[in-house]
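Residue numbers for the sequence shown follow our numbering, so the first one is 37 and each next one is one higher. Below: one structure, written as structure tokens.
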Amino acid sequence: MKLLADNTRMPYLFHILKIDSNECRKRLLQRNQQNGNTFKATEAEFDLITQHFSYPTPSEGLNQKEYSEFK
37 MKLLADNTRM
47 PYLFHILKID
57 SNECRKRLLQ
67 RNQQNGNTFK
77 ATEAEFDLIT
87 QHFSYPTPSE
97 GLNQKEYSEF
107 K
């Protein structure tokens, strides 16, 4: 990601929302119920996608801001 961001030659800031997967799953299900005919991700899709996700580490050198709660 850093190489991609640096190649833009523009200032950037990654916004990282750090909440546990149970809270993410709960919010996903709420959005699925509230958003009518928009795309709805299933719990299986959530599990598939999140198994490949990891938070960036400081050693990656990204310009980032972390949030532990966002409503």
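Beta carbons are placed, not taken as given, at the ideal position from N, Cα and C, and that holds for glycine.
Cβ shell of residue i (< 8 Å), same chain only, five flanking positions each side left out
i   : result
N68 : K76, A77
Integer-rounded CB distance, given that residue j should sit under 8 Å from residue i
i    : j   : result
T86  : S57 : 6 Å
K101 : L49 : 6 Å
E81  : R61 : That belief does not hold up - the Cβ atoms of E81 and R61 are roughly 11 Å apart, past 8 Å.
Beta bridge counterpart(s) of residue i as assigned by DSSP
i    : result
Y103 : L53
Contacting residues, own chain, Cβ-Cβ under 7 Å from residue i (five flanking each side not counted)
i   : result
K38 : E96, G97, L98
Cβ-based neighbour list, residue i, same chain, cut-off 6 Å, excluding 5 preceding and 5 following
i    : result
S104 : K54
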